[in-house]
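Order-wise, the sequence lines are chains A and B. Oh and the first sequence: position 328 is 328 in our numbering, straight run, nothing missing. The number in our numbering is simply the position in the second sequence, starting from 1, with 1000 added. Don't be surprised by glycine CBs; every beta carbon is placed ideally from N, CA and C. Computed from a predicted model, the values in this text were never measured in an experiment. Encoded as structure tokens, the structure appears first; notes follow it.
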Amino acid sequence: MTAAYDAIVIGGGHNGLVNAAYLARAGRRVLVLERRERVGGAAVSEQVFPGFTFSVYSYVVSLLRPEIIRDLDLARHGLHILPLESTVTPLENGDYLGQWSDHDQNRHELYRHSPRDAEAYDEYGHLMHHMAHAVKPIIGMVPPDPTSLHPRDLLALARLGKHMHRLGARKFNALHKLMTMSAADFLDGWFETDALKATKSASGIIGTFLGPRSPGTAYVLLHHYMGELDGVFRAWGFAKGGTGSVSEAIASAACGFGAEIRIDSPVARVRVRNGRATGVVLENGDEIAARVVVSGVDPRRTFLQFLEPKELPAGFAEAIGRFKFRGSSGKVNLALAELPNFTCLAGTGGASSAAIRAAALRGAISISPGLDYVERAYDDAKYGEFSRRPYMDIVIPSMIDPAMAPPGKHVMSIFVQYAPYELNGGWSAARREAFGDAVVDTVSQFAPNLKAAILHRQVISPADIERVTGLSEGNIFAGELSLHQLFFFRPLSAWARYRTPVSGYYQCGAGTHPGGGIMGASGRLAALEILKDA
Amino acid sequence: MTRHSGNNKGYDAVVIGAGLNGLVTAGYLARGGLAVLVLEQRDNVGGSAVTEEFAPGFRCDTCVHDVGWISPRMVRDLDLPRYGLVLQSHGDAVLAPDGHGGFLRLHSTTAGTVESLRKFSTTDAAKWPAFAARIAGLASFLETVYAAPAPNIHASSTGELLGLLNAGLRLRRLGKAAMVDLLRTVPMSVAELLDDAFDSDVLKGVLGSEGVRHLCQGPRSGGTAFMLLHHQVGRQPGAFHSTLTPRGGVGQLSTALADSARASGVEIRTGMRVDRIIVRDEGASAVVLASGEEIAAPRVISSADPRSTFLNLCEPSQLAPEFVNAVRNVRFRGVWAKVNLALDSLPDFGPLARGDEGQFGTICISPSLTYLERAYDAAKYGRTSQRPYLDVRIPSVAKPGFAPPGKHVMSVHVQYVPYQLRDGSWDNAARDALGDQVVATLAEYAPGLPGLVRHRQVLTPLDLETRFALPEGHAYHGEMTLDQILFMRPVPECSEYRTPVRGLFLCGAGTHPGGGVAGGAGANAARIILKNGARTARSSMG
């Protein structure tokens, strides 16, 4: 039988789309099958309420690999990143801590809280810059199998060893610490301002089921430092039109290279003949043949939903069963009649404080006043409850991209942690709204006018994330980014090279190296491997 | 008469501290032909490994009651049985109340544990033998790593590269599956490891406690699975308890080491506090005692923790600021206290435990992972656990000489008890409250216990620091988290027992392989020091 397609990509999330684009760019006939009525997976923009557009799930962009932007010419396909220039943390005492992209302004602000921290900040920035550079080649590398004696793997291990050796003892030791320490301990070695440590540590806990004092969280701190925007490390931004426009740009590029995308086409399973993938069967019973099938969904679905257990080697399904998801975050999207009035930004009412207020609302507001605050938020989740006072990362995209809301009105996106997937008693509609109330109540303590300004509210639990986007247990990284699930362990040792035990069946989602965060790197690396095999 | 500097017949090495590691280093160095002096500030040897009378007629291991792995090689090399060490095996390992009146028994034999587990979960019972074998296999790899200095990741010389290659080959020799398992398990949380394996709460609680012992982390924190493996080193597969312990208490190991060292020519002076180390021309040349006496030696070897060694005994201004900073950043965070009870009779843990209270090496109060995690929560915020994890031993049942006839002693490791209290300090009231808390927790399982307590010794983390020179009360001279083990322990510059100060060496638990391996660091340090000396001798001959 001759297949109409060289490759079928299951799932039109950003990694699936990147994968399809690279395959199509190499002249392959590619079909992308998306379950939902739109592409993007967790990177979608939706008009949830009339006139109000939200980046419903994933809401900031920074990790998208620059080579992908270049290779796929995404700017031409409508990708336009607007920089996010600050993070402001309201403090319990009514003051705030600002982190600004402008160096002098940032230093001045830090100095106000701690001259020592202001001094340490630059040195810290340099170290993280070095660390990000040290990790960069690893991010772009297909993980070797550490147990294999294949020359290819030995060579890759040797290259890795050489790279580490070249870093020199100092940088290597710092990297080792970063890989193994808790974010709190790591930051304690640098800073004294509690809110600064808490806000920085928060990026270390996102998407994990760990608190800032647990070892293994410092690494994720670096993962979030990897963002490279116009060549500048650590810059975050919004996509104009919301995160969905990133997906749409990639989809447009893929189609430009000749790929075909079908929405509303849920896949039931992968067809396997004699140990080889030959195509897919849709939920409506249609069969589509292809020489290669690529799964852009998470490892649990890739292996346990689309394949029969008998198609996998002994022990494989059990090992995938142990891959940890443990979704820990939720999202609250608000349509607002007016801007929130954060009391910490009220200031003296002078011109400069008005400017700061406006600038702060164009950036991120982090509800992370102290390490204990974040740690206590985790304590609730450990015992199966959502945080009564959660850590939150708030952005108001309509401040930067007015088209997101009707004139004079605003959209507010609140990323919330912790909201455990395994909630005591389960996620009922009532529990979801209780969670939404906890979020709004907590933000209102810092911005009292918020409640009255809310026109509409969308509350998304990890169970909702799973149901709508398909991400197992609602984990936003398609699998926890913990040390034992990274690099050659992602998703399983010996199967981290994007291949699977079924020949012709590949994985390209964030559940493979280097992982989540709208990087697209997994999709790209998988495509390069597929092209090598074909 | 004391010997002085300038005297050609002076000491080749001065060892600071007569704890297990100091004594082991001294013993090996003397056997290697060096003239060694050991200086101990307390009046007896052993450091934290001592068996003392704490109430008239009642003796126990006042500080640590388990020194971990006693390596057979060390026992042989130093001829310890000849100097009084008698290692005694416990028939049974751990007795653990499940909080609902039942008891889990971990036996030294796999079959025994399987039998006990059946009452809790037949699937757990079925999985036990494979789990015990798996953990023992992983721990056996650590055992080989611990018997040598940590592999040097920044190897540059051929010898070092060979060492690194050797470590890599050992890892490969484990076999493909075990190698992957080891790399995957080490950074995990012990809760994840156990949740993947078992259902029974009390089983997970007991095993989980091994992952957090002497760690300011809860069982859900990353890296705690490593700690479980660390504590399994040298144990019989599935025992989850030190298989062999000194019959006379841990102090018997210390006195045997001291006697063995003396027999090899080591001089041990107790009641001698070293005030500082003299560094001249970037090399250690002498130590000065609190009395003002100066003792010269070309090698000064500190078994004290790295912070005391470099920041108190040395003059930090003579060290590179970056190095001083790294030493300051070593985390200690003691989280345990010790409560020793003199009892009028054997406590009664209820009908289902009767007769077993003393037969089992350990009574473990950690009925579930959640219990353990909640106990940790308090310490995170600078408070003592309201319901702490307890590791209880009643040595007077199976070992002679610990209590008057018919009477008993109970030795209790209490965790979590933070060194730094957020509210208040470790004064008498706080100490008493801690003692009350421990007795009350025990009374939940042995209701008659409070009435049996004739005498009570409570050692807070501050007491442990003052009395036994444990930094912040930390029994291992520094947390054993993944960033503070192997070539990172205590700081990369000192991971091979050498220091930036020529002639100054470390040999304490603050160095690889850390605490819980009796004399492990001391033995490795001695090997390096002797090699170093041989090299110096060769170069001076050439």
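Residue 1060 of chain B by DSSP, collapsed to three states: which one?
strand
Comparing C-alpha positions only, which one of B:1110, B:1339 and B:1520 sits nearest to residue 1442 of chain B?
B:1339
Count the other CB atoms, across all protein chains shown, that sit within 10 Å of the CB of residue 1166 of chain B; report buried if there are 16 or more and exposed otherwise.
exposed
According to the neighbour-count rule (16 or more other Cβ atoms, all chains shown, within 10 Å of its Cβ), is residue 1531 of chain B buried or exposed?
exposed
What whole-angstrom Cβ distance do residue 316 of chain A and residue 447 of chain A have, given they're in contact under 8 Å?
About 50 Å separates the two Cβ atoms, so there is no contact after all.
Rounded to whole angstroms, how far is the Cβ of residue 143 of chain A from the Cβ of residue 513 of chain A, which I believe are closer than 8 Å?
5 Å
Are the C-beta of residue 982 of chain B and some C-beta of chain A separated by less than 8 Å?
Lying before the first or after the last residue shown, residue 982 of chain B is absent from chain B, which here runs from 1001 to 1542.
Quick one: is residue 380 of chain A near chain B, going by C-beta distance under 8 Å?
no
For the candidate residues A:186, A:169 and A:38, whose alpha-carbon lies nearest to that of residue 219 of chain A?
A:186
Cα-Cα separation, residue 1088 of chain B to residue 381 of chain A:
45 Å
Does the CB of residue 514 of chain A have a neighbour CB from chain B at under 8 Å?
no
Backbone CA spacing between residue 1504 of chain B and residue 1519 of chain B [nearest angstrom]:
19 Å
Measuring only between beta-carbons, confirm whether residue 150 of chain A sits less than 8 Å from chain B.
no
Indicate whether residue 207 of chain A and residue 470 of chain A have their beta-carbon atoms separated by less than 8 Å.
No, Cβ-Cβ distance for residue 207 of chain A and residue 470 of chain A is not below 8 Å.
So if I threshold CB-CB distances at 7 Å, which residues from the stretch 1218–1232 of chain B count as touching chain A?
Under the 7 Å Cβ criterion, the stretch 1218–1232 of chain B contributes 1220, 1221, 1222 and 1223.
Check for me: the alpha helix (DSSP H) holding residue 200 of chain A runs from which residue to which?
194–205
Helix or strand or just coil, what does DSSP make of residue 1119 of chain B?
coil
Can you pull the chain B neighbours of residue 177 of chain A, defined as C-beta to C-beta under 7 Å?
Near residue 177 of chain A (Cβ distances below 7 Å), the residues of chain B are 1483.
Under the three-state DSSP convention, the category residue 412 of chain A falls into
strand
Contact list for residue 1176 of chain B against chain A, beta-carbon separation under 7 Å
147
What does residue 1184 of chain B touch in chain A if you count any residue whose Cβ is under 8 Å from its own?
484, 489 and 493
With H, G and I counted as helix, E and B as strand and the rest as coil, what does DSSP make of residue 482 of chain A?
coil
For residue 1302 of chain B, name the three-state secondary structure that DSSP assigns.
strand
Tell me the rounded alpha-carbon separation between residue 104 of chain A and residue 113 of chain A.
15 Å
Does any CB atom of chain B fall closer than 8 Å to the CB of residue 419 of chain A?
no
Straight-line gap, residue 1221 of chain B to residue 183 of chain A (C-alpha atoms, nearest Å)
12 Å
Over the uninterrupted beta strand (DSSP E) stretch that includes residue 1232 of chain B, give me the two end residues.
Looking at the DSSP string, residue 1232 of chain B is not in any beta strand (DSSP E); the run it does join, the alpha helix (DSSP H), is 1224–1232.
Measuring only the C-alpha atoms, how far is residue 1094 of chain B from residue 58 of chain A?
Their Cα atoms are separated by approximately 49 Å.
How should residue 536 of chain A be labelled, buried or exposed, when 16 other C-beta atoms within 10 angstroms of its C-beta is the threshold for buried?
In the structure as shown, chain A starts at 1 and stops at 534, and residue 536 of chain A therefore has no counterpart that could be examined.
Which residues share a DSSP beta bridge with residue 1364 of chain B?
Residue pairing from DSSP places residue 1364 of chain B in a beta bridge opposite B:1391.
Is it a yes or a no for the stretch 1422–1429 of chain B touching the stretch 1235–1252 of chain B, going by three-plus beta-carbon pairs under 8 Å?
Touching, no.
Taking 8 Å as the threshold (beta carbon to beta carbon), is residue 1373 of chain B in contact with chain A?
yes
When you compare the CB positions of residue 1492 of chain B and residue 355 of chain A, do they come within less than 8 Å of one another, or not?
no
Start-end ranges of the alpha helix (DSSP H) lying completely within the stretch 1140–1200 of chain B, minimum 4 residues
1158–1173, 1176–1185 and 1190–1197
Of all Cβ atoms in chain B, is any one closer than 8 Å to the Cβ of residue 38 of chain A?
no
List the whole-angstrom C-beta distance separating residue 1274 of chain B from residue 1016 of chain B, where the pair is believed to meet the contact cut-off of C-beta under 8 Å.
5 Å
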